[in-house]
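Following: one structure in structure tokens, then a few remarks.
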Ligand code: ADP
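Residue numbers (the numbering used here): 236 to 598.
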């Protein structure tokens with residue numbers, strides 16, 4: 236008996252220490268009367284009110300919860316549901332400043348008394364950092380957009396004067412003609428880069444436009460945009476029915492499929508006709524698309540890096556490109572809250588997979 240009492244004391248003092256030293260605020264409430272039974276030191280430090288200012292008061296009688304209607308509603312929700320979570324609840328401290336908190340409640344029975352435990356985490360700094368990050372991302376995207384947009388104009392000028400030089404001086408030496416050709420190729424390449432960067436910066440920049448889209452129609456659009464490449468390379472591109480209606484931005488889904496099919500053809504095997512298959516299957520929480528080719532394949536050590544901007548596995552002398560296409564694909568998929576990855580057997584072919592979750596329409 237004495238041992239049991241001792242054990243109880245030891246375990247009580249252990250949990251008391253946890254309560255006293257927790258790095259989250261903890262508030263204990265009587266689940267019938269809404270009276271505050273205890274608050275831990277972390278919550279006292281977070282909100283600035285003293286222990287006695289909390290104890291015995293009803294929840295809505297203390298400063299941070301003084302919005303009576305809101306606090307009563309919260310309390311009755313906890314009474315009926317037990318576990319209630321608020322991701323971003325503003326609480327006012329004793330000095331009048333607001334702290335943003337994450338709030339989770341639980342109800343349990345404590346020797347016949349129903350107690351509500353509220354865990355309260357101060358996320359003010361995290362929210363501030365998230366906002367700063369979001370603002371600086373918007374700024375960066377605007378910068379990338381403006382820079383790439385404005386760069387095209389001087390590039391066009393360089394290109395047209397190079398063409399004029401070429402045309403108006405037929406007596407150019409072979410050497411000069413070669414230099415002019417290099418300069419023009421450089422300007423054209425730079426234009427392709429700038430256009431690709433512009434496109435990358437624009438993914439998701441307009442307010443998201445998630446609507447039901449027929450993925451078969453988006454695949455047809457992608458294939459028809461690539462018609463001349465498909466014809467020139469005599470590739471066999473087909474979609475495997477049935478393809479579902481998905482929640483997506485139609486323009487972005489078409490661009491995504493176009494980039495993947497375009498790559499499947501570009502990186503075809505030199506010794507066989509390129510065959511590309513686009514298919515889609517249901518997966519947990521949404522749809523899984525696959526763009527499969529019988530091309531040159533990719534070593535598994537490159538699976539991650541090819542989705543990063545400017546990462547190419549081949550020189551320009553082998554395959555033309557900017558190294559931005561898959562970065563655009565990744566950004567589009569992430570804009571739809573999905574994931575993208577590749578599986579491949581070098582020498583036999585690659586399959587690019589991406590998932591699209593079941594999103595809600597945004598207009
Ligand atoms: P780009 O094609 O302009 O180089 P991407 O970002 O589209 O840029 O692709 C990055 C790299 O991934 C490519 O340079 C290529 O090496 C590799 N890659 C992409 N798609 C395929 C594919 N279907 N088969 C083999 N390699 C591929």
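For every residue, glycine included, the Cβ atom is placed at its ideal position computed from N, Cα and C.
Outcome for residue i when other beta-carbon atoms lying within 10 angstroms are tallied against a minimum of 16
{"i": "residue 269", "result": "buried"}
{"i": "residue 474", "result": "buried"}
{"i": "residue 493", "result": "buried"}
{"i": "residue 520", "result": "exposed"}
{"i": "residue 536", "result": "exposed"}
{"i": "residue 509", "result": "buried"}
{"i": "residue 313", "result": "buried"}
{"i": "residue 275", "result": "buried"}
{"i": "residue 571", "result": "buried"}
{"i": "residue 256", "result": "exposed"}
{"i": "residue 357", "result": "buried"}
{"i": "residue 502", "result": "buried"}
{"i": "residue 561", "result": "buried"}
{"i": "residue 351", "result": "buried"}
{"i": "residue 381", "result": "exposed"}
{"i": "residue 271", "result": "buried"}
{"i": "residue 453", "result": "buried"}
{"i": "residue 557", "result": "buried"}
{"i": "residue 437", "result": "buried"}
{"i": "residue 383", "result": "buried"}
Which residues DSSP lists as bridging residue i, in chain order
{"i": "residue 585", "result": "579"}
{"i": "residue 325", "result": "335"}
{"i": "residue 482", "result": "447"}
{"i": "residue 344", "result": "349"}
{"i": "residue 527", "result": "512 and 586"}
{"i": "residue 363", "result": "Looking at the DSSP assignment, residue 363 forms no beta bridge with any residue, so it has no partner."}
{"i": "residue 270", "result": "293"}
{"i": "residue 355", "result": "260 and 338"}
{"i": "residue 472", "result": "511"}
{"i": "residue 517", "result": "522"}
{"i": "residue 320", "result": "339"}
{"i": "residue 265", "result": "350"}
{"i": "residue 591", "result": "522"}
Beta-carbon proximity list for residue i, same chain, < 7 angstroms, skipping 5 on both sides
{"i": "residue 329", "result": "282, 283, 284 and 298"}
{"i": "residue 288", "result": "297"}
{"i": "residue 226", "result": "Examination of residue 226 is not possible in this model, given that the chain is present from 236 through 598 alone."}
{"i": "residue 448", "result": "480, 481, 483, 485 and 488"}
{"i": "residue 354", "result": "259, 261 and 339"}
{"i": "residue 307", "result": "295"}
{"i": "residue 512", "result": "473, 475 and 527"}
{"i": "residue 422", "result": "390, 393, 394 and 397"}
{"i": "residue 530", "result": "499, 502, 503, 504, 509, 584 and 585"}
{"i": "residue 540", "result": "546"}
{"i": "residue 532", "result": "579, 580, 581, 582, 583, 584 and 585"}
{"i": "residue 607", "result": "Since the first residue of the chain shown is 236 and the last is 598, residue 607 is not available in this structure."}
Alpha-carbon to alpha-carbon, residue j and residue i
{"i": "residue 317", "j": "residue 331", "result": "30 angstroms"}
{"i": "residue 499", "j": "residue 260", "result": "54 angstroms"}
{"i": "residue 319", "j": "residue 359", "result": "20 angstroms"}
{"i": "residue 376", "j": "residue 496", "result": "27 angstroms"}
{"i": "residue 573", "j": "residue 416", "result": "43 angstroms"}
{"i": "residue 405", "j": "residue 440", "result": "47 angstroms"}
{"i": "residue 528", "j": "residue 555", "result": "19 angstroms"}
{"i": "residue 279", "j": "residue 303", "result": "20 angstroms"}
{"i": "residue 387", "j": "residue 542", "result": "25 angstroms"}
{"i": "residue 290", "j": "residue 361", "result": "30 angstroms"}
{"i": "residue 398", "j": "residue 432", "result": "25 angstroms"}
{"i": "residue 591", "j": "residue 379", "result": "27 angstroms"}
{"i": "residue 408", "j": "residue 401", "result": "11 angstroms"}
{"i": "residue 393", "j": "residue 552", "result": "24 angstroms"}
{"i": "residue 413", "j": "residue 424", "result": "16 angstroms"}
{"i": "residue 341", "j": "residue 459", "result": "56 angstroms"}
{"i": "residue 469", "j": "residue 582", "result": "20 angstroms"}
{"i": "residue 517", "j": "residue 525", "result": "11 angstroms"}
{"i": "residue 420", "j": "residue 372", "result": "33 angstroms"}
{"i": "residue 253", "j": "residue 550", "result": "60 angstroms"}
{"i": "residue 309", "j": "residue 301", "result": "12 angstroms"}
{"i": "residue 507", "j": "residue 321", "result": "58 angstroms"}
{"i": "residue 277", "j": "residue 286", "result": "11 angstroms"}
Own chain, CB closer than 6 angstroms to residue i, minus 5 neighbours either side, in chain order
{"i": "residue 456", "result": "489"}
{"i": "residue 326", "result": "299, 334 and 336"}
{"i": "residue 491", "result": "564 and 567"}
{"i": "residue 478", "result": "450, 451 and 515"}
{"i": "residue 589", "result": "524, 568, 573 and 575"}
Chain B within 8 angstroms of residue i, Cβ atoms only
{"i": "residue 436", "result": "Chain labels in this structure do not include chain B; a single protein chain is all it has."}
Residues near residue i by beta carbon distance below 8 angstroms, same chain, minus five either side
{"i": "residue 466", "result": "none"}
{"i": "residue 600", "result": "Given a span of 236 to 598 for the chain in the structure shown, any question on residue 600 remains unanswerable."}
{"i": "residue 293", "result": "268, 269, 270 and 271"}
{"i": "residue 345", "result": "none"}
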